[in-house]
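Residue numbers (our numbering), protein chains in the order written: chain P, 251 to 375; chain S, 65 to 306.
Below is one structure; the comments refer to it alone.
Below you can see the structure in the form of structure tokens.
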């Protein structure tokens with residue numbers, strides 16, 4: 251029962267986001283895109299850590315919120331300083347996202363090839 | 065007992081983890097959906113800056129207004145023609161009023177509200193050819209003063225209607241210098257200037273060709289002047305669109 255709670259949360263979040271009537275000014279759209287990137291980055295980082303068996307709840311949860319807040323804060327600071335700091339955040343998160351996905355892919359590939367090897371040997375036996 | 069407690073705490077821990085996950089996913093979903101709704105939808109419209117949009121809007125309004133002006137000018141013209149036709153038929157019925165109708169016609173010609181046609185002259189003022197000796201291009205291009213001189217001479221010698229580049233001149237018209245072009249009643253016209261006048265073509269052309277007169281002065285200012293006498297010239301009615 252509790253296993254479906256995260257899915258329920260996701261559905262609730264999506265519906266809230268789609269139904270909410272809040273309009274944000276165009277200037278702050280950068281923060282939002284950064285928040286999206288940060289969330290995606292942390293999510294894939296978590297999956298990677300889980301696959302590498304170094305996953306930790308505290309790191310994941312704190313990283314999720316801290317990264318979003320940090321990215322938005324950095325972008326905010328950049329807007330007020332006149333420097334496009336959000337580009338730095340986009341760059342950093344983008345690179346990390348790709349790296350994480352690449353690592354996940356490799357781990358999955360190794361697992362899959364190992365499994366097929368095992369089944370092959372079984373067939374041979 | 066210990067085992068049970070441990071299992072309980074494990075289960076409790078797991079439940080807490082799922083609750084945390086659901087919270088994380090809630091925020092994740094919210095951010096995704098929200099950014100999809102706010103950024104994905106209107107990215108096409110907001111690609112242009114608001115000032116540009118405003119400018120575009122003003123331009124469209126101006127165009128609409130100009131079109132409306134054009135329609136109204138056309139309407140005025142057709143109305144004037146109707147009145148003229150009415151007066152014609154009226155004069156046919158009652159001979160006494162012929163004089164009055166003729167006077168009205170003359171006055172309208174003067175005002176430029178109806179198209180004029182008849183014998184007349186056509187004067188073309190062209191910029192002089194590029195002359196390397198002349199340092200200042202102002203010395204061989206047509207200025208508004210030249211046009212004014214011709215128009216004044218034509219008016220003095222009894223032209224009934226005058227048009228410059230197809231733009232009818234009325235009593236209230238103004239001719240203004242605006243850089244390389246001239247503005248007549250709010251419409252900019254470039255060189256060469258074709259000035260057409262309806263009237264006694266002999267009188268008009270000889271008035272312009274007087275020794276030391278207008279044409280001589282223009283030629284002295286390095287302007288290419290061509291003067292033609294025509295049997296039939298058609299002038300459009302005054303269009304006050306600007």
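From the three backbone atoms N, C-alpha and C, an ideal C-beta is built for every residue, glycine too.
{"Item": "Beta strand (DSSP E) segment containing residue 181 of chain S, residue limits", "Value": "180-190"}
{"Item": "Min CB distance residue 285 of chain P to chain S below 8 angstroms", "Value": "yes"}
{"Item": "Proximity below 8 angstroms, CB of residue 310 of chain P to CB of residue 296 of chain P", "Value": "yes"}
{"Item": "Under 7 angstroms by beta carbon: chain S residues contacting residue 311 of chain P", "Value": "84, 88"}
{"Item": "Three-way DSSP call (helix, strand, coil) for residue 275 of chain S in this model", "Value": "coil"}
{"Item": "Inter-residue CB distance, residue 184 of chain S and residue 286 of chain S (contact presumed, cutoff 8 angstroms)", "Value": "With 8 angstroms as the limit, residue 184 of chain S and residue 286 of chain S do not qualify as a contact, their Cβ atoms being about 26 angstroms apart."}
{"Item": "Residue 263 of chain P vs residue 91 of chain S beta-carbon contact at 8 angstroms", "Value": "yes"}
{"Item": "Residues near residue 107 of chain S by beta carbon distance below 7 angstroms, same chain, minus five either side", "Value": "Residue placement at residue 107 of chain S cannot be trusted, given a pLDDT of 49 that sits under 50; the coordinates are not used to answer."}
{"Item": "Classification of residue 78 of chain S by the beta-carbon crowding that lies within 10 angstroms, buried from 16 upward", "Value": "exposed"}
{"Item": "Which of helix, strand or coil DSSP assigns to residue 172 of chain S", "Value": "helix"}
{"Item": "Best match in S/245, S/261, S/248 for proximity to residue 223 of chain S [C-alpha to C-alpha]", "Value": "S/261"}
{"Item": "According to DSSP, residues forming a beta bridge with residue 225 of chain S", "Value": "S/262"}
{"Item": "Proximal residues of chain S, C-beta to C-beta of residue 345 of chain P below 9 angstroms", "Value": "Those within 9 angstroms of residue 345 of chain P in chain S number zero; the least Cβ separation is about 21 angstroms."}
{"Item": "Cα-Cα separation, residue 340 of chain P to residue 114 of chain S", "Value": "26 angstroms"}
{"Item": "Those residues which DSSP pairs with residue 292 of chain S across a bridge", "Value": "S/186"}
{"Item": "Beta-carbon spacing of residue 208 of chain S, residue 169 of chain S below 8 angstroms", "Value": "no"}
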